[in-house]
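Chains as they are written, first to last, in the numbering used here: chain A, 410 to 710; chain B, 20 to 424. These notes are about the structure you will find just below.
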Amino acid sequence: MEQLLSAEYIVSILLSGISLGGQLALIAIGYTMVYGILRLINFAHGDVFMVAGLLGIYISAALPMYIAIPVVIALTIGLGFFIERAAYKPLREAPRMSVMISAIGVSYLLQNTATYITGGQPMTYPAIDALTRTVSIAGASTKLVVIITPILVVVLIVLLTTLINHTKIGMAMRAVSKDFETSRLMGIKINNVISMTFVIGSGLAVVGSILYFTTYPAITPTAGAMPGLKSFVAAVFGGIGSIPGAVIGAFLIGICETIIKGLPSSWNVSVFSDAFTFALLIVILTCKPTGLFGEKATDKV
Amino acid sequence: MRKTKHTGRSLLAVAGLLLVIILLENISSWIPGLPAVFAPTSQLFTVLKKGAVYSLVAVSMNLLNGFTGLFSLGQAGFMLLGAYTYAILTVPMASKDQVYYLFGGSAVKFSLVDLFQSLFGNTGFGGYLSLICAVLVGILFAGLVAALFAALIGTPVLRLKSDYLAIATLGFAEILRAIFQWQTLGPITNGANMLKSFPTFADFNIRNGAGQVVLRLSTFVPFLAAIICIALIVLLIHSSYGRAFKAIRDDEVAAEAMGISLFKHKMLSFVISSFFSGVGGALFAMYVANAQAKAFTSTMTYEILLIVVIGGIGSISGSVIGTFLYVACSEWWLRFLDAETYIGSFKVPLLRSGFRMVVFSVVIMIIVLFFSKGIMGDKELSWAGIGGLLKKRRPKKKTPAGKEG
């Protein structure tokens, strides 16, 4: 108990919670943007995140890190773009459930392909010195990534908000998410806007995956599923379609999860770290389905 | 008049199918020297057993997703409840200490197996009767527990629509999985460890005094159970309740305007579907001979959903055909894709462990994208339809017992 209440312990838990939250936030933005525009839970997004991790392993083995990272980012963005074109675009006029089933199919395909390529072996992410170096804050020693993550998240979000609020493509995105049909009538090229959404979502997911997997013991083909679902919950919590909402939701989930994992092992509650997220989801859906900052949407309940 | 004739024919077909299963299972011991595919260890029987279990689960998912239009992804959770309920109730007293050795024995101080054995004895016919009773009661409880849980979460969850319902039910399944892995409940659920030693399909093989198998029934039993349950679901769908479900699926507002109570019927469909998923979970535990929470992941739900999609959303026979095709391909026919193959000294490229599932998921994506109606669409196999085809009785039977091998 004394060890639990020591300042260092609390600081280190909070720091890693914020770090995890930041990583989840980067995935959650992808979910919330896609949902805002397509009304689709992109179940494959978590797996894109996992694929980004695997690409990181394979490419950094062949190329130096400063080249590898841009290559991984480019490849993953390409993957996100390709998934949208191949699996979601043909179903644009189909019922919403068909698109969701297609997303589940893509997720299944990505997981199975990852199993095939890795041979089912857990893969270890390469150590990126700039991220894994140990530093000490307020007496708690921690990895540098824990400090970098929240800063990077804030920077990226500022950039993204600027993009959405002050550029033409951002305006188009806002229009499409408000009203799909009308914006099409207004001459917005819907498909370009949707592709752009997937590009941004995948791009943020790669950054998230680099930050997430450097501190993670190993990547398995299912490693993306749980962070993916959690990020989606974060997006729902913050109000789906709202980027600041998703970020706040992600930080909350990240911190709560780390706290639950950090509770004494004799309580046996660490198994609930994932379940907590879903309990939160159900509470949100039943009490305030629009989430923290969500707009009033009538088709939710 | 026509209807009774068809019912008669269907019953006859089912009886014929069950007979064929018993024959298939035992033919290798009656006639020696048959091809290896008929041996009891053959993939054929894995496919038949797993197919029977999965077809029940797929049909129960279809009842909800295809017939009532409620897109639920909680299937694995309800199966988990069923599997654990069955396992907890039927682990024999004699095995409890060994199964629960980490927790110093079980907190459940009775076992259905011992209960019925004390009534009917544990040898010969009495032993068999007590096995049947224990399994039956266990499966029934498995379904009831799943149904009860569905009734509890139904009120909040069924208010949600489409994808929100999906994600909420998925969430409940994940919560259940965590609860059943919780070490504090270890004396009941055995924590994260597996439950085993409970009666499985193999226990139904009839043995003589010397312990040799006289009559194999280990494939017959899951078939019988699945057929009874699916028949009940079919009856439900053909009843006035079933028509109300379909009305809700097609147009909620119109259905409500016609006086159908939305909540009541959605709840009914949800509870009944969960009941059969629970039963399916119990059968699944019997099939794999263990119950472990980590097996019932969302991937399992996705797998079942994809089966339903392949078969056709809204078609019972489609789900059954889809299941057997899916299971046969994944467990048997596509196995060669996983083996490194040489033709002469030429190594066939790409073939190695895991390739089967890649091919498989590509095929699924093609079905989802280009043949979104699946095999059957929302139509059912009918006698008229089959009459138009070959004089095969039921393609469902043809699939698992196919000419391959």
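Ideal Cβ placement from N, Cα and C applies to all residues, glycine included.
Could you give the DSSP three-state label for residue i: helix, strand or coil?
i	result
S259 of chain B	helix
V233 of chain B	strand
F217 of chain B	coil
S380 of chain B	helix
V127 of chain B	coil
R226 of chain B	strand
F490 of chain A	helix
S91 of chain B	coil
I537 of chain A	coil
M595 of chain A	coil
F239 of chain B	helix
K417 of chain B	The pLDDT assigned to K417 of chain B is 45, lower than 50, so where the model puts this residue is not dependable, and the model offers no usable value.
K422 of chain B	Any reading at K422 of chain B must be qualified, since the residue scores a pLDDT of 40, below 50, and its modelled position is unreliable; the value itself is stated next. It is coil, neither helix nor strand.
I446 of chain A	helix
S545 of chain A	strand
S550 of chain A	strand
Counting only beta-carbon atoms, is residue i nearer than 8 Å to chain A?
i	result
F144 of chain B	no
M98 of chain B	no
T373 of chain B	Sequence check: residue 373 of chain B is Gly here, not Thr. It does: the Cβ of G373 of chain B has a partner Cβ on chain A nearer than 8 Å.
E359 of chain B	no
G123 of chain B	no
L60 of chain B	As written in the sequence, residue 60 of chain B is Thr, which differs from the Leu given in the question. Not an interface residue.
S181 of chain B	yes
D190 of chain B	It is worth fixing the name first, because residue 190 of chain B is Gly in this sequence and not Asp. G190 of chain B counts as touching chain A.
M376 of chain B	yes
T418 of chain B	Legend: pLDDT at T418 of chain B = 44, less than 50; position of this residue unreliable, value from coordinates given subsequently. No, no contact with chain A.
Taking only the alpha-carbon atoms, compute the straight-line gap between residue i and residue j and give it to the nearest angstrom.
i	j	result
R371 of chain B	I383 of chain B	20 Å
P479 of chain A	G462 of chain A	13 Å
S29 of chain B	Y345 of chain B	24 Å
G157 of chain B	I107 of chain B	9 Å
G205 of chain B	F122 of chain B	6 Å
G173 of chain B	A166 of chain B	10 Å
G299 of chain B	S364 of chain B	46 Å
A684 of chain A	E193 of chain B	6 Å
F217 of chain B	N141 of chain B	15 Å
M112 of chain B	L138 of chain B	15 Å
H454 of chain A	Y517 of chain A	12 Å
A304 of chain B	I340 of chain B	22 Å
M376 of chain B	A77 of chain B	20 Å
H25 of chain B	A250 of chain B	14 Å
G633 of chain A	E322 of chain B	17 Å
I556 of chain A	E275 of chain B	55 Å
A273 of chain B	F86 of chain B	16 Å
G35 of chain B	G333 of chain B	26 Å
L83 of chain B	W352 of chain B	30 Å
P653 of chain A	N574 of chain A	13 Å
M506 of chain A	F490 of chain A	21 Å
M605 of chain A	V585 of chain A	12 Å
L236 of chain B	L42 of chain B	10 Å
Any idea if residue i is buried or exposed, counting beta-carbon neighbours within 10 angstroms, 16 or more meaning buried?
i	result
E590 of chain A	exposed
W676 of chain A	exposed
M532 of chain A	buried
T686 of chain A	buried
Q94 of chain B	buried
N601 of chain A	exposed
V367 of chain B	exposed
Examine chain B for any beta-carbon lying closer than 8 Å to the beta-carbon of residue i, and answer yes or no.
i	result
V443 of chain A	no
L484 of chain A	no
R542 of chain A	no
G462 of chain A	no
R617 of chain A	The question names Arg, but residue 617 of chain A in the sequence shown is Gly. No - not a single Cβ of chain B is within 8 Å of the one on G617 of chain A.
S507 of chain A	yes
D588 of chain A	no
I510 of chain A	yes
K709 of chain A	Its pLDDT being 38, under 50, K709 of chain A is placed unreliably by the model, and nothing is read from it.
Problem set entry | Contact the segment 446-465 of chain A vs the segment 635-648 of chain A: 3+ CB pairs below 8 Å | yes
Problem set entry | Three-pair Cβ contact test at 8 Å for the segment 507-521 of chain A versus the segment 482-499 of chain A | yes
For this session: Would you check if there are 3 or more beta carbon pairs closer than 8 Å linking the segment 477-491 of chain A to the segment 661-669 of chain A?
Result: Using a Cβ-Cβ distance cut-off of 8 Å, the segment 477-491 of chain A and the segment 661-669 of chain A are not in contact, since fewer than three pairs of beta carbons, one from each stretch, lie closer than that value.
Exercise. Would you call the segment 63-80 of chain B and the segment 243-256 of chain B touching, i.e. three or more CB-CB distances under 8 Å?
Worked result: yes
For this session: For the segment 52-64 of chain B and the segment 262-273 of chain B, state whether three or more C-beta atom pairs, one from each stretch, are separated by less than 8 Å.
Result: no
For this session: State whether the segment 422-441 of chain A contacts the segment 545-555 of chain A, with contact taken as three or more CB pairs (one from each stretch) at a distance under 8 Å.
Result: yes
Exercise. Can you find at least 3 beta carbon pairs, one from the segment 231-240 of chain B and one from the segment 323-334 of chain B, that sit closer than 8 Å?
Worked result: no
For this session: Take every Cβ of the segment 610-626 of chain A, pair it with every Cβ of the segment 437-445 of chain A, and state whether three or more of those distances are shorter than 8 Å.
Result: Counting Cβ pairs under 8 Å, three or more are found: they touch.
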